[in-house]
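Residue numbers (my numbering), protein chains in the order written: chain B, 1 to 484; chain D, 1001 to 1510.
We treat Cβ as the ideally placed atom computed from N, Cα and C, and that holds for glycine.
Notes follow once the structure below has been shown.
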């Protein structure tokens, strides 16, 4: 049993963070400093630790836990996401005071689970990490002071989640029974055609279902808009972004054995196409911004499939890059949603009216976020989509690429309406509570918007990271299961 | 030709960087003076382009790796086709600032920001030699234009701006697919490199369709033109001017820069269709313009007709036709731009764009009417004006190609004369409503109308310098086109492959 603590410094750090939060949640209410005062620094340090640790490689625990470039890429993304969501949640108006430490502890647990998911290269480990990440979320979603909608959303999430993970576990048993291993590296050397190992293919479909649930891919997306709508804005920001990182990293690892033309690959492509189309068409009709973003994330889950089905280094790198782009764009939009709804209510599109006047920085940042989600240059979203299209074209799924392109055109309408309301409509006289336009709100939005634009204009460094990670992954696939 | 600094980058970046400076200015008059200064400096920055060598090579080239793995480059350069468009864009900017001097009642800062942002994006479109870079600029220009219409436009601005945005963006998503397909098939995004390659007819067929749709919407060609009258009528003067003067040219520029050199065989194959659509645009645009009571709508529909001449010239594939198309692009920019500025000027006085509310100007606003008449003559191609040179060349090209095409252009030219005479007569000698209380042109208006007028006469009377600039590039374009078109004579029957291709797109091909 190879055991090397220096490999998992970021995980240990987050575990330590969670422990402190747990102690604080158990302690008296007069605990000083308050959790919002110190946790942003703790989370920031976590991001720093993760970035500083990026060059470390190795595997642990009988090779079920692998620290490689891909895991580091996603761990940095997850640490960054945690940092932003903690900052975002630090002004959460709908959270009861006595639950604050518990809330962050649960978020921390979930993050820890996602980080472990990023490094898991064995199905049972993946399952465990997935559950760790999920359980914390089940408890977090209903934490919106006395809101019935939140309770409903929580129940929905638990029930859907339980079914999805039960299916995943069931599928896992099929894979084990037919392929006699649970290591992804070894599974990659097996045959995955339906004719040769039907049981394994069925098992894999079921197992992937668990990931699709997290990713909100059609047809596992039904929880998504309801949960976004029911949960508080800040919680929704977390649920909408972070669990997806975990799901995508697992899918990227498993996509290595999804060669083009396999039934399961085609199934993924079909699900991707359905997901895009269904998500976009449903989003067209939404008035509630979080529901709109919920359906749009169903569409984005479909976009990511385009990178996965190509089965090339570039495809996996493009999927990883798009995942990061998705994270930043959505955190940006949710940041603005949380700030505009300074009393924690759910926003309608019309609540954005006149935002350019009330909070110019927020409005500008919203524009950057909305256009990035459309995939307009020069934003990160454009580059991400462009990489996906380029990587998938000519690898057997041209129709999927065309579906993506057509869907981008459909999506313009509802993303544009975010921008339209913020910039071209005037405030209605009976406008509700004013948006939070302080330095904190502006600085956060401005920085995320700058990230969206700068990475959109200069994507090369990050993309190099992703492509190195992809190559790293393929090196592993070629060497097979020889390393344990 | 090395100036020690990147001329094109500076041209593209300067308005954008300067636009950021607007956020530190509070007072509206200062905003206007600042933007005017920026636009004049931009004109000075374009002076080094005078060193343009009279040959077909791409000049002032800049090339930097952008995303290495994907072969993306920051690759700029101009040839005889694009340099005139660059100069036109730069020259139109100060006129736009001047003509919106008193027109914009609210949010001046953002308005001028949009103007400058748009100039940057449009210049980028005309300079880019990398397909993706081109696409980036092509799309970036949508946002400021959308805002110009949606915020500062007329009563129906929301509808018009949304229509504009959805139409153009929906068209250009297919352009992106074509760009990616070029990269996969040709191995590069570099436009000059792709121009060297011969693609299979089957590939060209689809690439042409995808690109042509994007460009046809932008031009706009009948029947994709419906966004244009709405956008023009609702946009503020400066918005209309930019839209007419440079944005529409992006579409025809796309045809010249991409369709002809990259997909010559498909261009040849689709040329009859494009010619028919162009003729339809000419006649339809003219006929609809004849029936308008709104001056701005009239000029907007006349744009559909004028741009029809441009696309007709391009798809004639002969020297005269393409030269004429390029001249018409320039002319339409100057003349229609000026007409829209004048409509803005008269609207400031009458607060109406109806012809019936703007009559009798010959007596009370002689200065205005002088320019209007002058530009109207140029618009329908009166000899001695620039319009004559361009239209004449297209006519010659059309008759060279086929007598029938030439004949079918004639009603277009007649219609143009008819609607321009009709509106000018009414405006000059109609029964005045309130015109007697209006002041004639002021100094600012004299300035921004004299400049285009000078160009109208210059191109009209002495077009030789312009020919010298565009001729080598047009020559090369057509020679390459002829050679590479021939290379495809032996290809399969295109109609059959079309059906096969639809199937192959939807089937796993590896």
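Taking the beta strand (DSSP E) that residue 352 of chain B belongs to, which residues open and close that run? Neither: residue 352 of chain B is in no beta strand (DSSP E) and is coded neither H nor E.
Chain D contact for residue 408 of chain B (CB, 9 Å cutoff): yes
Taking a Cβ distance cut-off of 7 Å, strictly less, list which residues of the segment 448-463 of chain B are near chain D, in chain order. 459, 460, 463
Could you check the C-alpha separation between residue 119 of chain B and residue 75 of chain B for me, to the nearest Å? 9 Å
Determine, using beta carbons only, whether residue 1446 of chain D comes closer than 9 Å to chain B. no
Closer than 9 Å to chain B by CB, residue 1197 of chain D: no
Once you ignore the five residues that flank residue 1390 of chain D on each side, which residues in its own chain have a CB closer than 6 Å to its CB? 1324, 1327, 1328, 1331
Looking at C-alpha atoms only, which residue of B:73, B:127, B:226 is the closest neighbour of residue 148 of chain B? B:226
Buried versus exposed call for residue 1444 of chain D [16 or more other C-beta atoms within 10 Å across all chains shown]: exposed
Closer than 9 Å to chain B by CB, residue 1093 of chain D: no
Stretch pair the segment 1262-1271 of chain D + the segment 1332-1339 of chain D: three plus CB contacts closer than 8 Å: no
For residue 245 of chain B, is the classification buried or exposed, using 16 other Cβ atoms within 10 angstroms of its Cβ as the cut-off for buried? buried
Per DSSP, residue 1128 of chain D forms a beta bridge with which residues? D:1076
With a cut-off of 9 Å, does the C-beta of residue 1156 of chain D fall near any C-beta of chain B? no
At what residue ranges does the segment 1400-1466 of chain D contain a whole run of the alpha helix (DSSP H), taking only runs of 4 or more? 1403-1429, 1443-1461
What residues from the segment 386-401 of chain B come within 8 Å of chain E, judged by C-beta to C-beta, listed N to C? Annotation note: the requested chain E is absent from the structure, which comprises protein chains B and D.
Along the chain, where does the beta strand (DSSP E) that runs through residue 1059 of chain D open and close? 1059-1067
In this structure, does DSSP put residue 1480 of chain D in helix, strand or coil? helix
Please compile the residues from chain D whose C-beta is within a distance smaller than 7 Å of the C-beta of residue 467 of chain B. 1069
To be precise: take each residue of the segment 1174-1199 of chain D, compare its Cβ to all Cβ atoms of chain B, and keep it if any distance is under 7 Å. Which residues remain? 1174, 1176, 1177, 1180, 1181, 1183, 1184
Contact set between the segment 321-355 of chain B and chain D, restricted to residues whose Cβ is under 8 Å from the partner: none
Interface residues of chain B facing residue 1135 of chain D [CB-CB closer than 8 Å]: 377
Taking the runs of the beta strand (DSSP E) that are 3 residues or longer, which of them lie wholly in the segment 189-264 of chain B? none
Identified DSSP bridge partners for residue 58 of chain B: B:67
Please list the terminal residues of the continuous alpha helix (DSSP H) segment that includes residue 1315 of chain D. Note, residue 1315 of chain D: premise wrong, no alpha helix (DSSP H); not H, not E.
Ignore the nearest five residues each way along the sequence and tell me which others in residue 1279 of chain D's own chain have a CB closer than 8 Å to its CB. 1308, 1312, 1405, 1408, 1409, 1412
Helix, strand or coil at residue 147 of chain B according to DSSP, with G and I counted as helix: coil
Give the secondary structure of residue 425 of chain B by DSSP, where H, G and I count as helix, E and B as strand, and everything else as coil. coil
Quick one: using the 10 Å Cβ neighbour count with 16 as the cut-off for buried, is residue 1162 of chain D buried or exposed? buried
Taking the CB atoms as reference points, tell me whether residue 1145 of chain D and residue 1247 of chain D lie closer together than 9 Å. yes
Assigned secondary structure, residue 1352 of chain D (DSSP; H/G/I helix, E/B strand, else coil): coil
Helix, strand or coil for residue 122 of chain B, going by three-state DSSP, please let me know. strand
Using the three-state DSSP reduction, which class does residue 36 of chain B fall into: helix, strand or coil? helix
Listed by chain order, chain B residues near residue 1139 of chain D by CB distance under 8 Å: 376, 377, 382
Give the interface partners of residue 405 of chain B over in chain D, defined as CB-CB distance under 8 Å, in chain order. 1173, 1174, 1176, 1177
Could you check if residue 19 of chain B is buried or exposed, using at least 16 other CB atoms within 10 Å of its CB as the buried criterion? exposed
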